[in-house]
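Throughout the sequence shown, residue numbering follows mature numbering (1 follows the signal peptide of the UniProt record, and there is no 0), covering -20 to -1, 1 to 167 in sequence. Note that beta-carbon positions come from the ideal geometry of N, C-alpha and C, so glycine has one too. The next block holds one structure in the form of structure tokens; read it before the comments.
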Amino acid sequence: MKRIVIILVIALSSFNAAFGQDVLDVLGVNLLLFGGDRKAISTTVDILPVAILDVEPEDGALLSGGVVEQEAGMPVLTGLPENLWINFTYRASNFQPARIYVSTNQPVPAGMVLKVEIVQVGANGSFPNNPRAGEVILSQTEQVIVYDFANGYTGDGVGSGYKLKYTLENPNSQSLPVGFQVIYRIG
């Protein structure tokens, strides 16, 4: 009989341990709101440097370089884009300043002069207003078009960042070489 009582007590104890409810102390506000004791754990998060740059809008060829033929006596048009914007996002390592450079991937043909200029600064984003004043004559040599800036972003799309204006002097009506590109780089 003693053995049955001991087995019964053990069985009931294990049943209570397995299926019994915990008692929640609702008098302790800290326990009720935060689910128990609060602790502080320190951590370090390293965010990698980021440099993203694009030219908007992205709708096909930007520069043709040739002459758009029209009726005799009409002004000569060069087919240059009117609404291009540099958009960027930049986060440096240790707040190292950066610049935006512009160059071409091929030589500009002799007798032709291609220039780019920042003519407007958009109001979106969080970035410094440090564009180079005046036109940059494009070549394969990188030239600064936006001076020193630290972390920043312009937002995305037309109306954000820096508006570009291209000027082409092409007295001989030459075409730009096949595959010609204007390259922008953050560095």
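How many angstroms separate the CA atom of residue i from the CA atom of residue j?
i           : j           : result
residue 146 : residue 84  : 13 angstroms
residue 173 : residue 72  : Nothing in the structure corresponds to residue 173, since the chain is present only between -20 and 167.
residue 76  : residue 110 : 16 angstroms
residue 152 : residue 89  : 11 angstroms
residue 125 : residue 154 : 26 angstroms
residue 92  : residue 121 : 16 angstroms
residue 23  : residue 30  : 22 angstroms
residue 150 : residue 118 : 14 angstroms
residue 138 : residue 26  : 32 angstroms
residue 162 : residue 69  : 19 angstroms
residue 113 : residue 123 : 13 angstroms
residue 78  : residue 129 : 5 angstroms
residue 82  : residue 131 : 20 angstroms
residue 87  : residue 99  : 25 angstroms
residue 158 : residue 103 : 36 angstroms
residue 74  : residue 106 : 18 angstroms
residue 135 : residue 148 : 29 angstroms
residue 57  : residue 160 : Note on residue 57: pLDDT 48, under 50, position unreliable in the model; the coordinate value appears next. Residue 57 and residue 160: Cα-Cα distance of roughly 19 angstroms.
So, residue i versus residue j, is the Cβ gap smaller than 9 angstroms?
i          : j           : result
residue 66 : residue 142 : yes
residue 33 : residue 164 : yes
residue 36 : residue 140 : yes
residue 21 : residue 80  : no
residue 94 : residue 156 : yes
Measure the beta-carbon distance from residue i to residue j and round it to whole angstroms, keeping in mind my assumption that it falls under 8 angstroms.
i          : j           : result
residue 96 : residue 115 : 7 angstroms
Can you check which of these residues, the options, is closest to residue i by C-alpha distance?
i           : options          : result
residue 108 : 159, 127 and 136 : 127
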